[in-house]
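Novice: Numbered according to mature numbering (1 follows the signal peptide of the UniProt record, and there is no 0), the sequence shown spans residues -21 to -1, 1 to 138.
Following this message is one structure expressed as structure tokens.
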Amino acid sequence: MKKLILFLIVGVLFSCSNSNEDVLQTGNIINPKFDVNKMIGAWVNQTVKVNGQVFDYEHREHCGIDVFAFYNREGNPYEYHENVYTDDNCASHGITLEWKVKENMLIFFFGENLVLTYEVISIDDTYFTVLTSDDYDNDGTIDTIEITAKREDPYGWFD
């Protein structure tokens, strides 16, 4: 489901907004409703559910595995990194964002600009599921998108 990842990347480039004062409070973790420490680490998308229909996430395994990671340590405070292979020639795209948590919302920023928000549905030591809405298929109707990832560090980012 490369379209989903590209949705995030395009969102960074074209949908930035800094008008959401409610989210721009001081601090990156505000009244969390889940264990934020469980986010820290590398994750690999497993499934994408669009309007109730489940799809396996399609990695270009001959290139590598798409991966995203949450950091919160000296040198990488509240950083989100993502690497995605965007075509069969193994072109890749990486992005770094700042993450915040407010209650059950996971919020991404590019500098001061709000990029994207997800509702955290569940997180444990192995799986991480989030929910968002967007016009996934460009038909003019907002779709419900649920993404489930599995904790995995294929490139040793956290070794």
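For each residue, glycine too, the CB sits at the ideal point set by N, CA and C.
Just so it is clear, the structure is predicted and the values come from calculations on it, not from any experiment.
Count the other CB atoms within 10 Å of the CB of ASP138; is the residue buried (16 or more) or exposed (fewer)?
Specialist: Here residue 138 refers to the residue found at position 159 of the sequence shown. The residue is exposed, with fewer than 16 neighbouring Cβ atoms inside 10 Å.
Novice: Could you name the residues that DSSP lists as bridge partners for MET84?
Specialist: For the purposes of this step, residue 84 is taken as the residue at position 105 of the sequence shown. MET84 is bridged to LYS81, GLU98.
Novice: Where does LYS129 fall in DSSP's three states?
Specialist: Locating residue 129 in the sequence shown gives position 150, where the first residue counts as 1. It is a strand residue.
Novice: Assign THR105 to buried or exposed, taking buried as 16 or more other Cβ atoms, counted over all protein chains shown, within 10 Å of its Cβ.
Specialist: Here residue 105 is taken as the residue at index 126 of the sequence shown, counted from 1. With fewer than 16 other Cβ atoms within 10 Å, it is exposed.
Novice: Are the Cβ atoms of ILE121 and SER112 separated by less than 8 Å?
Specialist: Reading the sequence shown from its first residue, position 142 is the one you call residue 121. Reading the sequence shown from its first residue, position 133 is the one you call residue 112. In this structure, SER112 lies closer than 8 Å to ILE121 by Cβ.
Novice: Starting from ASP35, trace the beta strand (DSSP E) in both directions and tell me its first and last residue.
Specialist: Numbered from its first residue, the sequence shown carries residue 35 at position 56. Counting along the chain, the beta strand (DSSP E) containing ASP35 begins and ends at 32 to 35.
Novice: Assuming ASN51 contacts ILE19 (C-beta within less than 8 Å), just tell me the rounded distance between them.
Specialist: Walking along the sequence shown from the start, residue 51 turns up at place 72. Walking along the sequence shown from the start, residue 19 turns up at place 40. 6 Å between Cβ atoms; contact.
Novice: In the DSSP output, which residue or residues are listed as bridge partners for LYS28?
Specialist: Along the sequence shown, read from residue 1 onward, the residue named residue 28 stands at position 49. In the DSSP output, where bridge partners are listed per residue, LYS28 has VAL33, GLU125.
Novice: Residues in the same chain with beta-carbon distance under 8 Å from LYS12, minus the five sequence neighbours each way, listed in chain order, please.
Specialist: One-based indexing of the sequence shown puts residue 12 at position 33. Excluding residues within five positions, the ones whose Cβ falls inside 8 Å are GLU82, ASN83, VAL99.
Novice: DSSP three-state call for ASN92: helix, strand or coil?
Specialist: Position 113 of the sequence shown, counted from the start, is the residue given in the question as residue 92. Looking at ASN92 - three-state DSSP - the assignment turns out to be strand.
Novice: In whole angstroms, give me the CA-to-CA distance for GLU91 and ASP118.
Specialist: Translated into positions along the sequence shown, residue 91 becomes position 112. Translated into positions along the sequence shown, residue 118 becomes position 139. When rounded, the distance between both Cα atoms is 30 Å.
Novice: Measuring alpha carbon to alpha carbon, tell me which residue in ALA21, ASN16, VAL23, VAL29 is nearest ASP114.
Specialist: Start at 1 with the first residue of the sequence shown, and residue 114 comes out as number 135. The option with the nearest alpha carbon to ASP114 is VAL29.
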